[in-house]
Amino acid sequence: MVDILQNVMDHAVAVARKAGEVVRDAVRDDRKVMTKSSAVDLVTQTDQKVEQLIIQSVKEKFPEHRFIGEESVAAGEPCILTDDPTWIIDPIDGTTNFVHTFPFVAISIGFSINKRVEVGVVYSCLEDKMFTARRGKGAFCNGEPLQVSDQTDIHQSIIATEFGSSRDPEAVDKIFCSLRNILNLPVHGVRGAGTAAINMCLVASGCVEAYYEIGIHVWDVAAGSLVVLEAGGVLMDVEGADVDLMSRRIVAANNRTIAEIIVKEITPFGPIRDDAP
Ligand code: IPD
Numbered sequence: 081m082v083d084i085l086q087n088v089m090d091h092a093v094a095v096a097r098k099a100g101e102v103v104r105d106a107v108r109d110d111r112k113v114m115t116k117s118s119a120v121d122l123v124t125q126t127d128q129k130v131e132q133l134i135i136q137s138v139k140e141k142f143p144e145h146r147f148i149g150e151e152s153v154a155a156g157e158p159c160i161l162t163d164d165p166t167w168i169i170d171p172i173d174g175t176t177n178f179v180h181t182f183p184f185v186a187i188s189i190g191f192s193i194n195k196r197v198e199v200g201v202v203y204s205c206l207e208d209k210m211f212t213a214r215r216g217k218g219a220f221c222n223g224e225p226l227q228v229s230d231q232t233d234i235h236q237s238i239i240a241t242e243f244g245s246s247r248d249p250e251a252v253d254k255i256f257c258s259l260r261n262i263l264n265l266p267v268h269g270v271r272g273a274g275t276a277a278i279n280m281c282l283v284a285s286g287c288v289e290a291y292y293e294i295g296i297h298v299w300d301v302a303a304g305s306l307v308v309l310e311a312g313g314v315l316m317d318v319e320g321a322d323v324d325l326m327s328r329r330i331v332a333a334n335n336r337t338i339a340e341i342i343v344k345e346i347t348p349f350g351p352i353r354d355d356a357p
């Protein structure tokens, strides 16, 4: 019997590798920086070129599949997750890092059916680390199985987060309030790689106990969310409910104990949903 999801996984890995080559070649050259939703929400020609490369390649192989891509949505395509097989693509997660040659940049490709992510591929292309996950079949980095940390003591934990690209003063105040609460628990440290997808892979790898952020988009976290789950981790909304990938809010943790402590310290707010009309 044809294993469609394995075909999807193989294609996602192959095209992510190809995209990674383009990103690596461009990392010192692409200096034409444009902005999107705010003065610090950056985009380059490489983001657009890589998204086109991925979509073209997938369309040739899976002509009936749908797409949600960061740059296509920025160009006016709808961001609606249906039950149809859908590729959820961030061509460069960590565009600000890419622009500044800060060395964490990922190609993030999730694949969903019935609104559930079934395949996740995150290629940290400057480190040459290929993170892969398929529902029910585990998570891997360059073929090696991943396992979240077994830490249950928040005081012995490292937490990852980001400041995002909104500079709305109220949102910034809430972000700092959450950060202060978490630092003061205290935790061993707070880190941020500058890419949601890599932060989630760090949770899956056991290097940090949790990652949370308000303001991310579905393409930043679709693939990483499955990598976390398949490495034994948990996902939650920042107010403790089930995660909703369109809500732009996420807590990804090694276990429920750590996730619930983080949730208590977060000052929540609700950015406009990705699927808002
Ligand atoms: C961004 C990165 C960043 C996070 C932002 C995302 P992009 O994605 O993941 O770490 O803080 O919320 O939008 O714009 O580089 O694809």
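Mapping the sequence shown onto UniProt numbering, position 180 (from 1) lands on 260, and the numbers just tick up by one. Ideal Cβ positions, reconstructed from N, Cα and C, are used throughout, including at glycine.
Check: Would residue 181 be called buried (16 or more neighbouring beta carbons within 10 Å of its own) or exposed?; Outcome: exposed
Check: Using the Cβ count rule (16 or more neighbours within 10 Å means buried), how would you classify residue 279?; Outcome: buried
Check: Could you tell me the distance, in whole angstroms, from the CA atom of residue 138 to the CA atom of residue 291?; Outcome: 30 angstroms
Check: Cβ-heavy atom distance between residue 276 and the ligand IPD below 6 angstroms?; Outcome: yes
Check: Do residue 307 and residue 339 come within 7 angstroms of each other at the CB atom, strictly closer than that value?; Outcome: no
Check: CB of residue 322 to nearest heavy atom of the ligand IPD: below 6 angstroms?; Outcome: no
Check: Taking all protein chains shown into account, do 16 or more other C-beta atoms lie within 10 angstroms of the C-beta of residue 297, making it buried, or fewer, making it exposed?; Outcome: buried
Check: Which ranges would you report for the alpha helix (DSSP H) in the stretch 155-212 if only whole runs of at least 4 residues count?; Outcome: 175-180
Check: Counting only runs of 4+ residues fully inside the stretch 201-270, write out the alpha helix (DSSP H) ranges in chain order.; Outcome: 249-263
Check: Please confirm whether residue 122 and residue 99 have their CB atoms less than 7 angstroms apart.; Outcome: no
Check: Check whether the Cβ of residue 300 lies closer than 6 angstroms to any heavy atom of the ligand COA, and answer yes or no.; Outcome: Only the ligand IPD can be found as ligands here, which leaves the ligand COA out of the picture.
Check: Do residue 173 and residue 151 have their C-beta atoms within less than 7 angstroms of each other?; Outcome: no
Check: May I ask whether a heavy atom of the ligand IPD can be found less than 6 angstroms away from the beta carbon of residue 296?; Outcome: yes
Check: Using the C-alpha atoms, what's the distance from residue 147 back to residue 102?; Outcome: 21 angstroms
Check: Quick one: residues in its chain with C-beta nearer than 8 angstroms to the C-beta of residue 195, no 5 flanking neighbours on either side, listed in chain order?; Outcome: 161, 162, 163
Check: So within the stretch 85-133, which uninterrupted beta strand (DSSP E) runs reach at least 3 residues, ignoring any that extend past its ends?; Outcome: 113-115, 122-124
Check: Taking the alpha carbon of residue 222 as the reference point, which residue from 210, 158, 170 has its own alpha carbon closest?; Outcome: 210
Check: Taking only the alpha-carbon atoms, compute the straight-line gap between residue 262 and residue 220 and give it to the nearest angstrom.; Outcome: 29 angstroms
Check: Beta carbon of residue 247, beta carbon of residue 117: below 7 angstroms?; Outcome: no
Check: Quick check on residue 332: buried or exposed, where buried means 16 or more other Cβ atoms within 10 Å of its Cβ?; Outcome: buried
Check: Sort out for me which residues DSSP pairs residue 290 with in a bridge.; Outcome: 239, 333
Check: Following the continuous alpha helix (DSSP H) through residue 280, name the residue where it begins and the one where it ends.; Outcome: 276-285
Check: Any heavy atom of the ligand IPD within a distance shorter than 6 angstroms of the CB on residue 151?; Outcome: no
Check: Cα separation between residue 347 and residue 325?; Outcome: 19 angstroms
Check: Under 8 angstroms Cβ to Cβ from residue 268, same chain only, skipping five residues before and after it: list those, please.; Outcome: 235, 236, 237, 238
Check: Any heavy atom of the ligand IPD closer than 6 angstroms to the CB of residue 174?; Outcome: yes
Check: DSSP three-state call for residue 149: helix, strand or coil?; Outcome: strand
Check: I need the straight-line Cα distance from residue 156 to residue 277, nearest angstrom please.; Outcome: 23 angstroms
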